[in-house]
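Asker: Numbered per full-length UniProt numbering, the sequence shown spans residues 1 to 234.
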Amino acid sequence: MNSTVTNDLSLFYLISSASLPVQLVMLLLLVASFFSWWFIFRKLFAIRQATRQTDEFENAFWRGADLNALYQHAAGGRETVGSMERIFEAGFREFTKHQPGVEAGIIMDSTRGAMRAVYQREMDKLESHLPFLATVGSVSPYIGLFGTVWGIMNAFRELSNIAQATIAHVAPGIAEALIATAMGLFAAIPAVIAYNRYASETSQLATRFESFIDEVANVLQRRIAQPRNPAGHL
1 MNSTVTNDLS
11 LFYLISSASL
21 PVQLVMLLLL
31 VASFFSWWFI
41 FRKLFAIRQA
51 TRQTDEFENA
61 FWRGADLNAL
71 YQHAAGGRET
81 VGSMERIFEA
91 GFREFTKHQP
101 GVEAGIIMDS
111 TRGAMRAVYQ
121 REMDKLESHL
131 PFLATVGSVS
141 PYIGLFGTVW
151 GIMNAFRELS
161 NIAQATIAHV
171 APGIAEALIA
181 TAMGLFAAIP
191 AVIAYNRYAS
201 ETSQLATRFE
211 SFIDEVANVL
221 QRRIAQPRNP
231 AGHL
């Protein structure tokens with residue numbers, strides 16, 4: 001800020017006239033906000049799709065569908081099937097690998113292990129970028145506050161060269177400094193809201209997947225006890 005008084009308090013002027021550290025803070029917050037919104041929309045569509053696919057497969061599974069047919073569909077469409085379908089495919093594939101006569105406990109342990117491994121990979125994908133949203137939501141206000149403190153300090157240093165300071169001298173410097181706080185909140189608030197919502201939705205999906213693993217294990221265990229059910233119906 002120079003020692004001359006200006007009446008121009010437009011946003012563009014305040015940003016362009018801010019000191020270099022404050023401008024760097026604003027740029028950092030702008031980049032963080034851009035990536036935050038990008039991940040917010042990506043996660044929105046990804047979680048919606050995962051929920052829809054889970055509903056569809058769960059309905060098909062509990063309608064008494066042929067397990068072999070479900071497995072063939074899952075194995076033939078790896079890029080289009082949902083997380084729950086991939087979990088089932090891994091478990092059923094591991095289940096069918098074992099030869100007759102193998103102890104049931106060994107079969108079920110390996111089947112559960114295969115489903116758990118895929119479950120963890122699917123959850124890692126669903127939870128990807130959530131830590132970034134959490135970081136933006138928690139750190140951005142402090143970054144903006146740093147820019148504000150720096151800007152105010154710089155404004156008062158400039159005012160020390162003026163014999164008689166008035167509100168007209170103080171207002172531009174304070175205003176440009178407070179923009180950094182506003183940008184920090186602009187980046188943080190959507191990130192926090194999105195993180196809380198998506199963390200809750202992924203947690204609900206994780207609970208459904210874990211319950212499904214137990215249910216599939218029970219169904220397959222009954223199939224071991226009833227080898228005369230060649231069709232593989234529930």
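Where is the CB? At the ideal position from N, CA and C, for every residue including glycine.
Going along the chain, which residues of its own chain have a beta-carbon closer than 7 Å to the beta-carbon of Leu178, five neighbours each way excluded?
Answerer: Same-chain partners within the cutoff: Thr148.
Asker: Let me make sure I understand the geometry here. Which of Arg222, Val216 and Ile224 has the alpha-carbon closest to that of Arg112?
Answerer: That would be Val216, whose Cα lies nearest to the Cα of Arg112.
Asker: Starting from the Cα of Arg197, find the closest Cα among Ala182, Phe35 and Phe41 and give me that residue.
Answerer: If we check each option's Cα against that of Arg197, Phe41 comes out closest.
Asker: Taking only the alpha-carbon atoms, compute the straight-line gap between Gly82 and Thr54 and give it to the nearest angstrom.
Answerer: If you take the alpha carbons of Gly82 and Thr54, they lie about 6 Å apart.
Asker: When the distance is taken between beta carbons, is Ala194 closer than 9 Å to Leu44?
Answerer: Contact: yes.
Asker: Going along the chain, which residues of its own chain have a beta-carbon closer than 6 Å to the beta-carbon of Asn154, five neighbours each way excluded?
Answerer: Same-chain partners within the cutoff: Ser19.
Asker: Measuring alpha carbon to alpha carbon, tell me which residue in Leu220, Ile87, Ser140 and Ala104 is nearest Leu185.
Answerer: Measuring from the Cα of Leu185, the nearest candidate turns out to be Ser140.
Asker: Could you give the DSSP three-state label for Asp66: helix, strand or coil?
Answerer: Coil at Asp66, not helix or strand.
Asker: Is the Cβ-Cβ distance between Phe212 and Glu89 less than 9 Å?
Answerer: Going by C-beta atoms, Phe212 is not nearer than 9 Å to Glu89.
Asker: Hey, which unbroken runs of the beta strand (DSSP E) at 3 residues or more fall wholly within the stretch 128-213?
Answerer: Counting only runs of 3 or more, we get nothing.
Asker: Where does Val216 sit, in a helix, a strand or coil, going by DSSP?
Answerer: Three-state DSSP puts Val216 in a helix.
Asker: Measure the alpha-carbon distance for Ala188 versus Leu133 and round it to whole angstroms.
Answerer: One C-alpha to the other measures close to 8 Å.
Asker: Note down the Cα distance separating Ala191 from Ala32, rounded to an integer number of angstroms.
Answerer: In a straight line, the C-alpha of Ala191 is about 10 Å away from that of Ala32.
Asker: How would you write the range of the alpha helix (DSSP H) that Gly113 sits in, first residue to last?
Answerer: Run containing Gly113: Ala104 to Leu126, per the alpha helix (DSSP H) assignment.
Asker: For His73, name the three-state secondary structure that DSSP assigns.
Answerer: Residue state, collapsed to three classes: helix.
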